[in-house]
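Visitor:
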Amino acid sequence: MNDKTKKTVLSGIQPSGHLCIGNYLGAIKNWVALQDSHNCIFLVVDLHALTVKQVPSELRNRCLSFVAQYMACGIDPERSLIVIQSHVPQHAELNWILNTLTYMGELSRMTQFKDKAGKHENNINAGLFTYPVLMAADILIYQADLVPVGHDQKQHLELARNVAQRFNTRYSETFVVPDGLIPKVGARVMSLQAPERKMSKSDENLNNLVALLDPPEVIVRKIKRAVTDSGSEIRFDEERPGIYNLLNIYASISNLSSDEIEARFAGKLYSEFKAELSDLLVEFLKPVQKRYAELMQDKSHLQTLLKSGADTARYLAQKTLTKVYRKVGFVPYPR
Ligand code: ATP
Ligand code: LTN
């Protein structure tokens, strides 16, 4: 983790809902690919998850389950740090400092806030509003160079960059200004039933998403029911968002090009394509689910990994926080 010649990668996912192929294709797939070339930190951002109502016992179980799912997808704790956000108190401390450098106007423009405020009208809390500042703290506290995320996080990343630059200008060079890494294919996986919206792991309608832990028969059913458009040609055509989305999912899982896929399905029926897509997803998820089940058998092993991840993360985070506290003018902790 501490290889000084390597750049640092940081990313995170909220432990809400069911991890889905949107999260895998938009984010985790890139995480797996970056592990050898970078120092990587992958968070389960439980503080973020509290911005919408959670059942405490479910949240606790889900955090551990997400850790196992990260590993089942190929995140290797020998090479990468897997960390639960609340195990590193420095995130919340830096969050406060960054709050004082973020403008209300900036936060009011965030589309995720507007989206979620619309969905949770009875719980538009301050945390939901300031959520992007905590995300900036997650990134900046580790001096991350690269942040692999899906397209929906572009705006939040831009805020993190602006806040880092603002701090550096006001108090002198302190933070690395991070770059986003958004995949070319798979950055915007859309909902199966409403392809004009993104697939979202906490969608109430589970038919909108393929979860990483969905059993084969559920995957087959969801793909069969997925909305397609009028017409019958199997072509990458943005004007036909239903079939376009399914084709993009096929492309990201198979790593085939759009030309190869169109050639393969020329003259075939939607139903034939859907059957092949289900097979592809089922075969892809089979080893992930098997590994997940094994990992969940040994929770104490997961706890040991989390302890070591948290210890290293705390050390790294404290280095940045000490610097930040000094620069803003706080009295050093008396020795
Ligand atoms: P929720 O529905 O619980 O708000 P979410 O599915 O939007 O969750 P997040 O925890 O907000 O997931 O995001 C985790 C990562 O997955 C982020 O990097 C995000 O960009 C990526 N991601 C989420 N949805 C998609 C999607 N539909 N397509 C591609 N990437 C996605
Ligand atoms: N805001 C992100 C989750 C998230 C994140 C992060 C992503 C929280 N902290 C740090 C990358 C880096 C989301 O809602 N998808």
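Okay, so the sequence shown: first residue is 4 according to the working numbering, each after it adds one. Yeah, the Cβ is synthetic: ideal placement off N, Cα and C, and Gly gets one too.
(1) Return the CA-CA distance between G312 and Q72, expressed in angstroms with no decimal places.
(2) With a threshold of 8 Å, are at least 3 pairs of Cβ atoms found where one atom belongs to the segment 68 to 84 and the other to the segment 282 to 298?
(3) So, H29 versus P244, is the Cβ gap smaller than 9 Å?
(4) Quickly, what does DSSP pair V327 with across the bridge? List them, please.
(5) Beta-carbon within less than 8 Å of S89's beta-carbon, same chain only, minus the 5 sequence neighbours each way: which residues are those?
(6) For the segment 282 to 328, list the alpha helix (DSSP H) runs that are entirely contained and at least 4 residues long, ordered along the chain.
(7) Excluding the 5 residues preceding and the 5 following I127 in the sequence, name in chain order all residues of the same chain whose CB lies nearer than 6 Å to its CB.
(8) Can you give the Cα-Cα distance for L195 and S40, rounded to whole angstroms?
(9) Would you call the segment 207 to 221 in contact with the segment 253 to 266, where contact means no fewer than 3 C-beta pairs closer than 8 Å?
(10) Can you have a look at R1 and say buried or exposed, based on whether 16 or more other CB atoms are within 10 angstroms of its CB?
(11) Might you give, ordered along the chain, the residues of its own chain that have their beta carbon closer than 8 Å to the beta carbon of Q57, omitting 5 neighbours on each side?
(12) Is the separation between the beta-carbon of Q158 and that of P181 shorter than 9 Å?
(13) Starting from the Cα of S281, find the closest Cα among G153, A254, A266 and give me that residue.
(14) Can you name the start and end residues of the alpha helix (DSSP H) that N98 belongs to?
(15) For ligand 2, is there any heavy atom lying closer than 8 Å to the beta carbon of Y328?
(16) In three-state DSSP terms, what is A190?
(17) What are the start and end residues of the alpha helix (DSSP H) that includes K117?
(18) Which residue comes first and which comes last in the alpha helix (DSSP H) that contains G108?
(19) Any heavy atom of ligand 1 closer than 8 Å to the CB of E156?
(20) So, at 8 Å on beta carbons, what are the nonlocal neighbours of H304 in its own chain, with the 5 sequence-adjacent residues on each side left out?
(21) Quick one: what's got a C-beta closer than 8 Å to V230's C-beta in the same chain, skipping five residues either side?
(22) Can we say the segment 313 to 325 touches the segment 135 to 153, given the rule of at least three CB pairs closer than 8 Å?
(23) Quick check on the burial criterion: 16 or more other C-beta atoms within 10 angstroms. Buried or exposed for M107?
(24) Under a three-way DSSP split, which group does A75 fall into?
(25) Please list, in chain order, all residues of the same chain as Q3 whose beta carbon is under 7 Å from its beta carbon, the five residues on each side excluded.
(26) Please state whether DSSP places H41 in a helix, a strand or coil.
Guide: The short version:
(1) Inter-residue distance for G312 and Q72 is about 16 Å (C-alpha atoms, whole angstroms).
(2) yes
(3) For the record, residue 29 in the displayed sequence is Gly; it is not His. Contact: no.
(4) Per DSSP, none; premise fails for V327.
(5) D49, L50
(6) None, since the segment 282 to 328 contains no complete alpha helix (DSSP H) of that length.
(7) A120
(8) Going by the C-alpha atoms only, they are around 34 Å apart.
(9) no
(10) Limits of the chain in this structure are 4 at one end and 338 at the other, which puts residue 1 out of reach.
(11) S19
(12) no
(13) Distances from the alpha-carbon of S281 to those of G153, A254, A266 put A254 closest.
(14) 93 to 102
(15) no
(16) coil
(17) 114 to 122
(18) 107 to 111
(19) Correcting the residue type first, residue 156 is Gln in the shown sequence and not Glu. Using a cutoff of 8 Å, the CB of Q156 counts as near ligand 1, since one of the ligand's heavy atoms is closer than that.
(20) L298
(21) L195, Q196, A197, P198, G245
(22) yes
(23) exposed
(24) helix
(25) No answer is possible for residue 3: it lies beyond the span of the chain, which begins at 4 and ends at 338.
(26) strand
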